[in-house]
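Novice: Please find one structure pasted underneath; my questions will follow.
In mature numbering (1 follows the signal peptide of the UniProt record, and there is no 0), the protein residues as written are -24 to -1, 1 to 848.
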């Protein structure tokens, strides 16, 4: 189990051991570079040599990492790793035959077997950069190209990190074809690292796009305990959050060593989870151990998402595992076609003299199940017939010769061509017009590694398969992945079908293409599964996070009043209804708010309107009675003209109440209070003058009081009423000019209603208007109260006193009721006060008189009216 820290500790140990050997080497006395140890590889001379690191064998035990041991025991031969190495040899051979690419330079190669071990891979990389492993002869001045121009490899992220940590100090080129860790995109730590395989950061985004495509917001993640898995987990946690639209149900780290208890615990978590999608970002070996436990527990109904490390693992594509792994969607390295590679592979022959064909003999033994000599101790493939070297590959159908599924090999091919194009661009530089200091160009004889880094960053070419190859500022190639689907056919055959691709282009960004018709789903429904922690909230509800659980787990609760969610899945962004609208009971769309005002069509409005018209009608009837009986003593007494004016003013008071009913408009708002104020002042002025007349008449009946009638005759009475009313008219005019009442839509009383009302504009103006009416009413009341005991048989002062008492009581009660009543009820209170006070005046002042006129005409005589009381 290797981590980034382990790699760096081993790096220091290897450097110390390596350079202690290098100091004692002949490097410092001549240009002959002698090796202190031997590594297994394949070599071909050339003007420029490219290095390569490939997995060709597996160790049976950990090797001695002291650089002092040559004894290496191999467990097995990796035929695909050998094919990758041969692909690099083929690409270099193809470039040599290309007259347009590096026409005057012969490319060679030096390929080493890293044996899947960090120590050996690191030793091989140092050997390539120093030339210690090879017998390299330079010019007498030690001038010449570097031992290798760049290294294609390594295939592992952990080994690439360790190697690039050293090569980066020297800006020595490293182009990996299989290291995917996103950490290698850090240009400060790895300034000369490039790769032709997309980083895991893009692989993670590709998986997230698949999750989004099928609406899978709830998934489990299994990772390997190394740089490959740990960096992928960080990317998932950052990219699959709120912006990614998904959550991880669980995150488990698969152990490297044999740990059945831990594997069982992880499978238990998978079985108990509600997530039906499982992403495995690990290696093939992890999946083998995991699937044994999955089969044992019979955990079915899962949709597997495979990383590129095991998408094409043939060892998992068996009838025993397909009931569980069938339908797997996997991210695979881009498949490419390399014309001529098969013919090149068929030319491989064993080297019976073991000169410079390391691996060929082992490949031959592996393919034909034979051996050239007695196997060394520890060789697993012991036994079998002896190889002759004349066996034929032409009729062999082996994995090695299957060139229809070239994936890592395609990346190797692109890496070699990228280095070749970079070198070709440098060779075409014109002296004096170069990109380096003083406009200089790179020179093959004095080539600095960082110079080739500059040109590799500018590389841009298209492969024969049609893929564009260029590197971004982090050394990452334009990413592209194939999406594979594990299909279990009815006849029992197993195939891995390409069902789409995900790529990133300079113009269109990231694109996902899927052919759903080709996808095999390993479920009874034959359709994609549902994998969500909580179903999307229906319209009218919003998401409420469950405490202590990921954001994908939530409850759906109704939207609050005035807010709606009208689309499924968009509950987290509630829409506020516009000002004149409100949410319907279902909270899924906005409806116009109800409007409220004192309407003619509602019961309250109808009652008030009826009362107003009734009062007006009664006033008209009383006025008619008084006109008809205008010559009778009870009508003529106390100035009949004032009685007529009072009846007309009461009619106006009844009618002005109608202005408070109906939808408020500008003219009604302006007119209602002015009409109300002037009508009532006119009414109270008439009462005040009538009261003063009563007192005047009483004084005139006393000796010497005749003069009072002269100074308070009919003209003076009319003038008094006019002046008092004019004052109120002036108050109303000033109010309307300075701060006129206006209609207003009030939304403060009720959230779901619009209350139409008239704002008074100026509270002071309204208060002065009411205060003036109150002042006249109180004055009338006081004068009438003083005249209440006058000795007339029909004492009108008592009626005025009673009427003013009713009037004042109504309007004193009106003020708090008006202030505390909202909306239309404030208008209703004001209308009620107008009607109550008007009816009070009408009945108190004219009721007794009409009673006498209509029912007791014998009392409607001068003698009866002027008669004295018998008691005092």
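Each residue gets a CB set at the ideal place from its N, CA and C atoms; glycine is no exception. Computed from a prediction, not measured in an experiment: that's the story for all the values here.
Following the continuous alpha helix (DSSP H) through residue 561, name the residue where it begins and the one where it ends.
Specialist: Per DSSP, residue 561 belongs to no alpha helix (DSSP H) and is neither H nor E.
Novice: Among 455, 210 and 700, which residue has its Cα nearest to the Cα of residue 873?
Specialist: Here the chain covers residues -24 to 848 and nothing more, so residue 873 does not appear.
Novice: Considering Cα atoms alone, identify which of 620, 593 and 590 is closest to residue 604.
Specialist: Ranking the options by Cα distance to residue 604, first place goes to 620.
Novice: Touch check for the segment 658 to 666 and the segment 741 to 760: three-plus C-beta pairs under 8 Å?
Specialist: Flag = yes, the segment 658 to 666 and the segment 741 to 760 touch.
Novice: Write down every uninterrupted run of the alpha helix (DSSP H) in the segment 573 to 638 whose length is 4 residues or greater and which is fully enclosed by it, in chain order.
Specialist: Listed in chain order, the complete alpha helix (DSSP H) runs (minimum 4 residues) inside the segment 573 to 638 are 579 to 604, 609 to 612 and 616 to 632.
Novice: For a test of the three-state rule: what should DSSP assign to residue 141, helix, strand or coil?
Specialist: Note: residue 141 maps to helix in three-state DSSP.
Novice: On a CA-only basis, which of 155, 578, 241 and 309 is nearest residue 204? Give me that one, please.
Specialist: The residue with the shortest Cα to Cα distance from residue 204 is 155.
Novice: So, at 6 Å on beta carbons, what are the nonlocal neighbours of residue 833 in its own chain, with the 5 sequence-adjacent residues on each side left out?
Specialist: The answer is none, since no qualifying residue turns up.
Novice: Could you name the residues that DSSP lists as bridge partners for residue 257?
Specialist: BP columns for residue 257 point to 199.
Novice: Kindly indicate the opening and closing residues of the beta strand (DSSP E) around residue 478.
Specialist: Start and end: 470 to 481.
Novice: Give, in chain order, every unbroken run of the beta strand (DSSP E) that is at least 3 residues long and sits entirely within the segment 478 to 554.
Specialist: DSSP runs (the beta strand (DSSP E)) wholly in the segment 478 to 554: 485 to 490, 517 to 521 and 530 to 534.
Novice: Where does residue 172 sit, in a helix, a strand or coil, going by DSSP?
Specialist: Residue 172 falls in the coil class under three-state DSSP.
Novice: Below 8 Å on the Cβ atoms is my contact criterion, and I expect residue 104 with residue 86 to pass it. Report the Cβ-Cβ distance as a whole number of Å.
Specialist: With 8 Å as the limit, residue 104 and residue 86 qualify as a contact, their Cβ atoms being about 6 Å apart.
Novice: Going by the CB atoms, is the gap between residue 174 and residue 452 shorter than 8 Å?
Specialist: Closer than 8 Å, so yes.
Novice: Could you spell out where the beta strand (DSSP E) holding residue 124 opens and where it closes?
Specialist: Where residue 124 is concerned, there is no enclosing beta strand (DSSP E), given that its DSSP letter is neither H nor E.
Novice: Going by other Cβ atoms of all chains shown within 10 Å of its Cβ, with 16 needed for buried, is residue 116 buried or exposed?
Specialist: Note that residue 116 has pLDDT 40, beneath the 50 cutoff, so the model's placement of it is unreliable and no number is given.
Novice: State the CB to CB distance for the pair residue 184 and residue 215, rounded to an integer number of angstroms; the pair is presumed to be in contact (CB under 8 Å).
Specialist: Right, their Cβ atoms sit about 6 Å apart.
Novice: Quick one: is residue 207 buried, meaning 16 or more other Cβ sit within 10 Å of its Cβ, or exposed?
Specialist: Classification for residue 207: buried.
Novice: Quick check for students: name the residue ranges of the beta strand (DSSP E) that lie wholly in the segment 332 to 404, counting only runs of 3 or more.
Specialist: DSSP runs (the beta strand (DSSP E)) wholly in the segment 332 to 404: none.
Novice: What would DSSP say about residue 571, mapped onto helix, strand or coil?
Specialist: Residue 571: strand per DSSP, three-state reduction.
Novice: Quick check on the DSSP output: what are the complete alpha helix (DSSP H) runs of length 4 or more inside the segment 237 to 324, in order along the chain?
Specialist: Here the runs fully enclosed are 260 to 273, 298 to 301 and 317 to 322.
Novice: DSSP three-state call for residue 427: helix, strand or coil?
Specialist: Note: residue 427 maps to helix in three-state DSSP.
Novice: Does residue 607 pass the burial test, meaning 16 or more other C-beta atoms within 10 Å, or should it be called exposed?
Specialist: Residue 607 comes out exposed.
Novice: What is the DSSP secondary structure of residue 185, counted as helix, strand or coil?
Specialist: In the structure shown, residue 185 sits in a helix (DSSP, three-state: H, G or I).
Novice: I believe residue 211 touches residue 259 by the beta-carbon criterion, under 8 Å. Please report the beta-carbon distance rounded to the nearest angstrom.
Specialist: The Cβ separation is near 17 Å, so there is no contact.
Novice: From which residue to which residue does the alpha helix (DSSP H) around residue 708 run?
Specialist: Segment 690 to 714, the alpha helix (DSSP H) holding residue 708.
Novice: What are the boundary residues of the beta strand (DSSP E) that includes residue 26?
Specialist: Looking at the DSSP string, the run of the beta strand (DSSP E) that includes residue 26 is 24 to 30.
Novice: Sort 672, 742 and 501 by Cα distance to residue 849 and report the nearest one.
Specialist: Shown here, the chain extends from -24 to 848; a query on residue 849 therefore has no answer.
Novice: When DSSP labels each residue in this structure, what does residue 212 get in the three-state scheme?
Specialist: The answer is helix: DSSP assigns residue 212 an H, G or I state.
Novice: Identify the residues that DSSP records as bridge partners of residue 150: which are they?
Specialist: Note: residue 150 sits in a beta bridge opposite 127 and 169.
Novice: Per DSSP, which one or two residues make a beta bridge with residue 18?
Specialist: Answer by DSSP bridge pairing, in chain order: 87.
Novice: Report buried or exposed for residue 134, applying the criterion of at least 16 other Cβ atoms within 10 angstroms of its Cβ.
Specialist: Buried is the call here.
Novice: Please state if the CB of residue 811 and the CB of residue 587 are separated by a distance shorter than 8 Å.
Specialist: A contact, by the Cβ cut-off of 8 Å.
Novice: Assess contact between the segment 411 to 428 and the segment 447 to 462, defined as three or more Cβ pairs (one per stretch) separated by less than 8 Å. Is contact present?
Specialist: Result no; under three Cβ-Cβ pairs closer than 8 Å.
Novice: Do you know how far the Cα of residue 640 is from the Cα of residue 616?
Specialist: The straight-line gap from Cα to Cα measures roughly 38 Å.
Novice: Which same chain residues, not among the five before or five after residue 50, have their C-beta less than 6 Å away from its C-beta?
Specialist: With a pLDDT of only 42 at residue 50, under the threshold of 50, the placement of this residue in the model should not be trusted, and no figure is reported.
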